[in-house]
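Here's the structure we're looking at; comments come further down.
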Amino acid sequence: MISSLSLSLSLSWLGSCLQYKWQKTLGNYIAVAGSVKIFDRHGQRKNELNLPGRCVGMDWDKDGDILAVISDKSSSVYLWDANVNKTSQIDSGMRDQMSFILWSKAGPLLAVGTNKGNLLIYNQQTSRKIPVLGKHTKRITCGCWSSQNLLALGSEDCSVTISNQEGDTVRQTSVRSDPADVQFSVMKTDERSSPGESTVSVAVGKKTLFLFNLNDPDNPIELAFQQRYGHIISYRWYGDGYILIGFSQGYFVVISTHIREIGQELFQAHNHKDSLTSVAISSALNKAASCGDNSIKIHDLSELKEMDAIVNLEDETQGLDQLSWTDDGQLLAVSTQRGALHVFLTRLPILGHSCGTRLAYLTSLLEVTVSNRVEGEAPVAVAVEVEPNFIAVGPYHVAVGMNNRAWFYALGDSGVERLKDMEYLGTIATMCLNSEYAAALFEGKVQLHMVRRGSGVIVCVSMSPPRVV
Ligand SMILES: *[C@@H]1O[C@H](CO)[C@@H](O)[C@H](O)[C@H]1NC(C)=O
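Note that the sequence shown covers residues -19 to -1, 1 to 450 in mature numbering (1 follows the signal peptide of the UniProt record, and there is no 0).
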């Protein structure tokens, strides 16, 4: 069960739908376009990229170090480095407008596609650029890198190409209508199939799902669905060859691609009465979510029938738009048709400490609750300044910290008082508090200091950790 699904952040722009992307891997930042603004996960603005024109695409590299952005009025690719908060530009050399941008999930390669079907592959490490003119004859609209660095691209010329990282086409297939949402995956076949992602899937004309096996290119499979479902909004592969598909009329459908039951529906739910606008999967949580109308519905992937959580956003009468989870599953963002972005906490690290019968535990990313049920004390919520990786509670104080820093709070009858923060000479492994002192264990040493008094009167002691209990 998702125990905590509290709203942790809401941002609002008036107007229309938003495009946004979570920082990959770390999930510390979220980039939001129009002009591209970057916020940290608590909603603090970190930077804004002044683009000429409108953002038409953006993507974070696999480690979340670099955000790449393209706009409709520039032939440059803008790169924002999250580690140093700096923006740089590279000249794409493309004469026509860029339409598509995507980082590889296996290396420092960036693919950029254009309105006329040209492609650029840029290597961020070597700065090498490989322009490929005429990869397609019309706009490149979608694409995907495989974990072996093959690049699948879909275009309005009704074809899908598979290229290697040098830009050479290794496979090509035509489809009946506009391709969308190209993805690589592993499809289970009874034959001994070669390892790796050898199946390319693509939604064709929003109606069918086209599965193209690179090792068996002459026998693609095309799956059609019940008309009452409406058109395909988007789909996600998960687990051992399953596909979750969201349909415009509110349907949430799971099919199998196992060869003996290919296309068979394993699960179907009418999650949203009028319309569905997005589906998302978190492999970290083993959950799937859909959104539509003004609600989000979350299912457990191992027990699809069980609805894990339903979130109704009563104020969003114009409806929701796109859902997206951070890679660690902690935060789920949803944008809305009127241009707001809400972020929900879907998983909280379990973190706590006790002192006698008093407990202190994390209740939100920036909130620790101190309670003592045995003594009949009412729980107190302490707003803390960092997302802690340790908590210490004593008879009169609570401390939180991360790395080599700790913040101290006094728990008084008249409320919580912030006392001070301290830096230590190493990463703190644990901390204990008694009524007056704090003991911080780091790198085999213990530093003992008074909780209240200033740092002028620190008593420094060292002893081997096993003797400190
Ligand atoms: C990041 O850099 C921009 C200028 O490029 C500056 O305005 C902003 O304050 C910086 N943000 C942080 C959090 O350092």
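Note that the Cβ used here is the ideal one computed from N, Cα and C, for glycine as well.
Proximity test, residue i beta-carbon vs ligand 1 heavy atom, cut-off 7 Å
i: N9; result: no
i: K27; result: yes
i: N66; result: yes
Member of the options whose CA lies at the smallest distance from the CA of residue i
i: G115; options: N415, G88, D149; result: D149
i: residue 465; options: M403, H212, A12, V365; result: The question about residue 465 has no answer, for the chain in this structure spans -19 to 450.
i: D402; options: G177, N385, L60; result: N385
i: Y342; options: D394, L422, A373; result: A373
i: V37; options: V58, D44, I47, I19; result: V58
i: E246; options: G227, A261, I262; result: G227
i: N130; options: V151, K86, S108; result: K86
i: Q(-1); options: A387, L301, T338, G310; result: L301
i: F248; options: D274, D281, T307; result: D281
i: D296; options: I262, T344, A321; result: A321
i: Y216; options: Q153, K187, L7, T327; result: K187
i: S128; options: S179, S136, S259; result: S179
i: T122; options: P160, A92, R152, R109; result: P160
i: S16; options: N9, K43, V50; result: V50
i: E404; options: L195, V397, A387, I19; result: A387
i: L30; options: T344, R22, G24, K18; result: K18
i: A250; options: Y390, C272, N267; result: C272
i: Y232; options: I243, V260, D221; result: V260
i: E398; options: I409, G382, M412, H378; result: H378
i: I214; options: S263, S80, I409, T189; result: T189
i: S305; options: T344, I262, E203, E287; result: I262
i: K67; options: G94, H23, T258, K27; result: K27
i: K286; options: D394, N252, S80; result: N252
i: I82; options: N353, L48, K54; result: L48
i: W126; options: A92, V315, H239, N415; result: A92
i: H212; options: V113, T258, R76; result: T258
i: K54; options: G407, G222, G34; result: G34
i: F389; options: S416, G407, G24; result: S416
i: K110; options: N96, R76, V315, E147; result: E147
CB of residue i within 8 Å of CB of residue j, strictly
i: A270; j: K278; result: yes
i: E348; j: V367; result: no
i: S256; j: S237; result: no
i: Y219; j: V234; result: no
i: A420; j: V432; result: no
i: V141; j: L134; result: yes
i: D40; j: N64; result: no
i: A318; j: Q303; result: Before going further, note that residue 318 is Gln rather than Ala in the sequence given. No.
i: Q70; j: P89; result: no
i: S56; j: S73; result: yes
i: V156; j: F206; result: no
i: N267; j: N293; result: no
i: T307; j: W3; result: yes
i: G375; j: C336; result: yes
i: T411; j: L422; result: yes
i: R22; j: L313; result: no
i: A380; j: L414; result: yes
i: T154; j: P201; result: yes
i: C139; j: S108; result: no
heavy atom of ligand 2 below 7 Å from residue i C-beta
i: G273; result: This structure does not include ligand 2; its bound ligands are ligand 1.
Min CB distance residue i to chain D below 8 Å
i: T307; result: In summary, chain D is missing from the structure at hand, where a single protein chain is found.
Specify whether the stretch 95 to 103 and the stretch 115 to 135 touch according to this definition: at least 3 beta carbon pairs, one from each stretch, less than 8 Å apart. Result yes; three or more Cβ-Cβ pairs closer than 8 Å.
Check whether the stretch 182 to 190 and the stretch 157 to 168 touch, using three or more Cβ-Cβ pairs below 8 Å as the test. Contact holds: three or more Cβ-Cβ distances are below 8 Å.
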